[in-house]
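Asker: Below: one structure in structure tokens.
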Ligand code: PGA
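Numbering (this note's numbering), first residue to last: 171 to 419.
Laid out in structure tokens, this is it:
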């Protein structure tokens with residue numbers, strides 16, 4: 171049985187005070203939720219205070235990015251060891267914003283996943299097609315390339331795959347449940363081909379304009395095991411409602 175996995179990706183939002191105040195309100199709202207893995211990924215500057223506040227709660231800490239070396243002269247970078255040291259359990263790797271604005275290639279993503287796993291971090295590995303790629307009918311080819319190259323020589327244990335169609339991120343245009351299910355099913359099939367039965371235990375989560383209004387129908391899809399939530403994770407009320415999605419399966 172795959173446990174639903176709901177993660178907040180705050181991106182470049184929230185100061186220290188805003189982080190503290192969000193968590194102070196959010197923690198009690200979800201304290202009784204035991205059947206969902208809840209993750210908050212604040213910006214690096216908030217990780218330490220968030221780690222302190224999340225101690226002895228049912229919420230896990232995630233980071234939004236990581237470098238692939240452990241230590242050394244890499245100005246501005248953060249290593250996987252530093253993330254686990256500060257209390258992160260997860261890290262997001264390969265987000266389309268990193269690929270688009272910071273030139274992250276499949277090879278870099280692959281190195282980051284390897285380094286993060288070596289440090290004992292769970293990896294939320296993001297893949298997804300652009301609008302142009304979808305319109306040209308290349309969605310599955312893009313997903314296959316990202317899976318094969320991103321996961322080259324990597325075991326899928328402790329790996330969460332986030333299907334995030336780029337055209338749905340921050341646009342208010344969510345994939346329909348049918349579109350999400352179709353992509354997730356394809357991803358699971360490929361994982362089955364590459365890793366056999368382990369693929370049945372892998373969480374494949376959806377990201378892209380997830381809101382309290384569409385979470386229930388997305389979670390009702392057979393192969394949608396959770397969500398990576400950007401904009402709607404910045405408000406306590408909306409993220410709480412997403413974590414407490416209504417089960418139809
Ligand atoms: P969004 O972002 O929910 O604001 O579309 C999702 C993501 O990029 O992870």
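Yeah, the Cβ is synthetic: ideal placement off N, Cα and C, and Gly gets one too.
1. Would the beta-carbon of residue 354 be found less than 7 Å away from any heavy atom of the ligand PGA?
2. Express the C-alpha separation of residue 219 and residue 293 in angstroms, rounding to a whole number.
3. In whole angstroms, give me the CA-to-CA distance for residue 244 and residue 236.
4. Which residues mark the beginning and the end of the beta strand (DSSP E) in which residue 377 is found?
5. Buried or exposed for residue 223, going by 16 or more other Cβ atoms inside 10 Å?
6. Thinking C-beta only, is residue 374 closer than 8 Å to residue 331?
7. Can you list, in chain order, the stretches of the beta strand (DSSP E) that have 3 or more residues and sit fully within the segment 272-335?
8. Between the Cα of residue 326 and those of 308, 352, 283, spot the shortest distance and give me the residue it belongs to.
9. At which residues does the alpha helix (DSSP H) containing residue 423 begin and terminate?
10. Mind checking whether residue 376 and residue 357 have CB atoms under 8 Å apart?
11. Would residue 266 pass as a contact of residue 298 if the rule is Cβ separation under 8 Å?
12. In the DSSP output, which residue or residues are listed as bridge partners for residue 207?
13. Taking the straight line between their C-alpha atoms, what separation do you get for residue 411 and residue 382?
14. Roughly how many angstroms separate the alpha carbons of residue 249 and residue 404, rounded to a whole number?
15. In the structure shown, what three-state DSSP assignment does residue 230 receive?
16. Across the segment 357-369 and the segment 176-183, are there enough close Cβ pairs to call them in contact, namely three or more that are closer than 8 Å?
17. Examine the ligand PGA and report whether any of its heavy atoms sits within less than 7 Å of the Cβ of residue 402.
18. Would residue 230 and residue 260 qualify as a contact pair, given that the criterion is a beta-carbon distance under 8 Å?
19. Mind checking residue 348: buried by the 16 CB within 10 Å criterion, or exposed?
20. Within the same chain, show all residues whose beta-carbon is closer than 6 Å to that of residue 289, passing over the 5 residues directly before and after it, in chain order.
21. When every heavy atom of the ligand PGA is checked, does at least one fall within less than 7 Å of the C-beta of residue 339?
22. Rounding to the nearest angstrom, what Cα-Cα distance links residue 269 and residue 281 in this structure?
23. Only counting the same chain, and skipping five residues up and downstream in sequence, which positions put a Cβ closer than 8 Å to that of residue 362?
24. What do you reckon, is the C-beta of residue 398 under 7 Å from a heavy atom of the ligand PGA?
25. Can residue 299 be considered in contact with the ligand PGA, in the sense that its beta carbon sits closer than 7 Å to one or more heavy atoms?
Answerer: Looking at the coordinates:
1. Taking the first residue of the chain shown as position 1, residue 354 is located at position 184. Result no, Cβ not under 7 Å from the ligand PGA.
2. Sequence index remark: in the chain shown, residue 293 carries index 123 (1-based). Sequence index remark: in the chain shown, residue 219 carries index 49 (1-based). C-alpha separation (whole angstroms): 22 Å.
3. Locating residue 244 in the chain shown gives position 74, counting from the first residue. Locating residue 236 in the chain shown gives position 66, counting from the first residue. Distance between the alpha carbons of residue 244 and residue 236 is about 12 Å.
4. Along the chain shown, read from residue 1 onward, the residue named residue 377 stands at position 207. Annotation: the continuous beta strand (DSSP E) that includes residue 377 extends over 373-377.
5. Locating residue 223 in the chain shown gives position 53, where the first residue counts as 1. With 16 or more other Cβ atoms from the protein chains shown falling within 10 Å of its own Cβ, residue 223 counts as buried.
6. Your numbering for residue 331 matches position 161 in the chain shown. Your numbering for residue 374 matches position 204 in the chain shown. Contact flag set, yes.
7. Runs of the beta strand (DSSP E) inside the segment 272-335: 292-297, 329-333.
8. Residue mapping note: residue 326 aligns to position 156 of the chain shown, counting from 1. The residue with the shortest Cα to Cα distance from residue 326 is 283.
9. Lying before the first or after the last residue shown, residue 423 is absent from the chain, which here runs from 171 to 419.
10. Locating residue 376 in the chain shown gives position 206, counting from the first residue. Locating residue 357 in the chain shown gives position 187, counting from the first residue. The answer is no: Cβ separation not under 8 Å.
11. Numbered from 1 along the chain shown, position 96 holds the residue referred to as residue 266. Numbered from 1 along the chain shown, position 128 holds the residue referred to as residue 298. In this structure, residue 298 lies closer than 8 Å to residue 266 by Cβ.
12. The residue given as residue 207 occupies position 37 in the chain shown. Answer is 175.
13. The sequence position of residue 411 within the chain shown is 241, counting from 1. The sequence position of residue 382 within the chain shown is 212, counting from 1. Residue 411 and residue 382: Cα-Cα distance of roughly 6 Å.
14. Position 79 of the chain shown, counted from the start, is the residue given in the question as residue 249. Position 234 of the chain shown, counted from the start, is the residue given in the question as residue 404. Looking at the two C-alpha atoms, the distance is approximately 26 Å.
15. Along the chain shown, read from residue 1 onward, the residue named residue 230 stands at position 60. Three-state result, residue 230: strand.
16. Result no; under three Cβ-Cβ pairs closer than 8 Å.
17. Working through the chain shown from its first residue, we reach residue 402 at position 232. The answer is yes for residue 402.
18. As a working mapping, residue 230 is identified with position 60 in the chain shown. As a working mapping, residue 260 is identified with position 90 in the chain shown. Yes, the pair counts as a contact, with Cβ atoms nearer than the cut-off.
19. Locating residue 348 in the chain shown gives position 178, counting from the first residue. Around the Cβ of residue 348, a 10 Å sphere holds fewer than 16 other Cβ atoms; the residue is exposed.
20. Taking the first residue of the chain shown as 1, we reach residue 289 at position 119. Result list for residue 289: 250, 251, 254, in chain order.
21. Position 169 of the chain shown holds residue 339. Under cutoff, so the answer is yes.
22. Translated into the one-based positions of the chain shown, residue 269 becomes position 99. Translated into the one-based positions of the chain shown, residue 281 becomes position 111. If you take the alpha carbons of residue 269 and residue 281, they lie about 14 Å apart.
23. Working through the chain shown from its first residue, we reach residue 362 at position 192. The beta carbon of residue 362 sits closer than 8 Å to those of 369, 370, all from its chain and outside the five residues before and after it, given in chain order.
24. Numbered from 1 along the chain shown, position 228 holds the residue referred to as residue 398. Result yes, Cβ under 7 Å from the ligand PGA.
25. As a working mapping, residue 299 is identified with position 129 in the chain shown. Not under cutoff, so the answer is no.
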